[in-house]
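Structure first, commentary second.
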Amino acid sequence: MLFDLRPKKSKKDLFDREWELEELERASDRYPLILLLGIRRIGKTSVAWCFLEGRRGFLVDMRGVVRRADLYERVSRGLEESLGKMRRFLRGIRGIKVAGTEVEIRWRGTDSLSFSGLLTELNKLGRFVVILDEVQYLRQPLLSEVRETIAYAYDSLDNVTFILTGSEIGMVKSFLKMDDPSSPLYGRYAHEVEVRRFTKDQSREFLVRGFEEVGMAPPMAEVERAVEFFDGIVGWLVIFGKSYVDGRGNFEVIAEMATRMALNELMKLSPREKLVLRAIAEGARSWSQVRKFIEEKEGITVAKSSLSRTIKRLERLSLIKDYGFLDPVYERAALRL
Ligand SMILES: Nc1ncnc2c1ncn2[C@@H]1O[C@H](COP(=O)(O)OP(=O)(O)OP(=O)(O)O)[C@@H](O)[C@H]1O
Ligand SMILES: [Mg+2]
Numbered sequence: 391m392l393f394d395l396r397p398k399k400s401k402k403d404l405f406d407r408e409w410e411l412e413e414l415e416r417a418s419d420r421y422p423l424i425l426l427l428g429i430r431r432i433g434k435t436s437v438a439w440c441f442l443e444g445r446r447g448f449l450v451d452m453r454g455v456v457r458r459a460d461l462y463e464r465v466s467r468g469l470e471e472s473l474g475k476m477r478r479f480l481r482g483i484r485g486i487k488v489a490g491t492e493v494e495i496r497w498r499g500t501d502s503l504s505f506s507g508l509l510t511e512l513n514k515l516g517r518f519v520v521i522l523d524e525v526q527y528l529r530q531p532l533l534s535e536v537r538e539t540i541a542y543a544y545d546s547l548d549n550v551t552f553i554l555t556g557s558e559i560g561m562v563k564s565f566l567k568m569d570d571p572s573s574p575l576y577g578r579y580a581h582e583v584e585v586r587r588f589t590k591d592q593s594r595e596f597l598v599r600g601f602e603e604v605g606m607a608p609p610m611a612e613v614e615r616a617v618e619f620f621d622g623i624v625g626w627l628v629i630f631g632k633s634y635v636d637g638r639g640n641f642e643v644i645a646e647m648a649t650r651m652a653l654n655e656l657m658k659l660s661p662r663e664k665l666v667l668r669a670i671a672e673g674a675r676s677w678s679q680v681r682k683f684i685e686e687k688e689g690i691t692v693a694k695s696s697l698s699r700t701i702k703r704l705e706r707l708s709l710i711k712d713y714g715f716l717d718p719v720y721e722r723a724a725l726r727l
């Protein structure tokens, strides 16, 4: 079902993405480390799951992983999802218990198994893909540990491919610290695959197919407005389609709902970050225009370096690029900051 709000897990439910899947396929033959990047709601997790379909590997959702115990818990769940393909093999690994559909990793005490120990075992099985979804959420000390595990796999485990995804694109890159000599990943190469936005034609076809799938005549005037506004971001198209089908309102009502969702997220930013976003939403197109906006509208003088830092951070969060928003819904939300 195209209008299902959850990430798609199977290619039969996935609209297009042939290019992305082929890119991943090609890259996974060549490179030990791949970054699957794209702004929020563009469809990264869906592409990642569908890439795993028919392959040995697992996906770990890194959101909310704080302690080491969380990581092992998520890895266990990841292994459970792909258990069918690996049950017998996993049973043979010391430190892993397979009971029914459950997988347990013993990561403390005797007979324990570390993350890199697990990968060393999996490497023996043949080609294996490990996907860490939204990796930028990791914090220390776990962050260093995971980085070291990736470096170890990169150098020593020929069969293991790591795919890291992230919607805060700059954050993912700084997570890896590949140009920091003190980082275990220093000097390594990460191949980037970007999940692209749909073209207008694709967006239209997506919505039309979604409506037809639920036996509803596509409301074409509404579809056109959604195609124009949501700018090829599939997550918003799904929210639009699903909400419309559920009778929650027309385009206007749903766009408003989406804007509030975006605003909720923007509210977590610092006051300075919000101000810069508002300046850009109101039309500031350069560093000096942003500065002028803040000074004139808010009567605040900002230090040059501090303003530059704020703009860089907003870019690293993938909210803006070249003084423009990457997602029109966030732009509309930013006008209300
Ligand atoms: N190619 C696709 N075909 C059909 N639906 C899709 C496709 N890609 C994504 N979706 C839908 O769009 C929504 C967002 O997708 P997904 O969660 O994969 O994106 P994401 O980039 O991982 O988002 P987030 O930034 O929230 O993690 C989901 O409802 C998913 O089902
Ligand atoms: Mg995701």
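Residues 391 to 727 (this note's numbering) make up the sequence shown, in order.
From the three backbone atoms N, C-alpha and C, an ideal C-beta is built for every residue, glycine too.
- Within the segment 431 to 510, the complete alpha helix (DSSP H) segments at least 4 residues long are 434 to 442, 458 to 471 and 473 to 481, listed from N- to C-terminus.
- Here DSSP, grouped into helix, strand and coil, assigns D523 to strand.
- In its chain, beyond the 5 residues on either side, L509, N513, F518 and A543 have a beta carbon closer than 6 Å to the beta carbon of V550.
- Take R706, set aside five residues on each side of it, and the residues of its chain with a beta-carbon closer than 6 Å to its own are G560 and M561, in chain order.
- When G622, D548 and T500 are compared, the shortest CA-CA separation from V520 is found for D548.
- Look at E614: its beta carbon is at least 7 Å from all of the heavy atoms in ligand 1.
- Around the beta-carbon of I670, 16 or more other beta-carbon atoms lie within 10 Å, marking it buried.
- Residue ranges of uninterrupted beta strand (DSSP E) with 3 or more members, entirely inside the segment 563 to 612 and ordered along the chain, are 581 to 584.
- Excluding the 5 residues flanking it on each side, L528 has same chain C-beta neighbours closer than 8 Å at M452, V455, V536 and F565, in chain order.
- Within 7 Å of the C-beta of K399 there is not a single heavy atom belonging to ligand 2.
- In the displayed model, L659 falls within coil according to three-state DSSP, outside both helix and strand.
- Partner residues in the beta bridge of G556, as assigned by DSSP, are L427.
- A buried status is given to I629, since no fewer than 16 other beta-carbon atoms sit within 10 Å of its beta-carbon.
- In this structure, the straight-line span from the alpha carbon of N640 to that of V585 is close to 28 Å.
- The secondary-structure analysis by DSSP pairs I710 across a beta bridge with F715.
- Between R668 and L725, the C-beta spacing is below 8 Å.
- For M606 and S504, the gap between their C-alpha atoms comes out near 51 Å.
- For E688, the uninterrupted alpha helix (DSSP H) segment begins and ends at W677 to E688.
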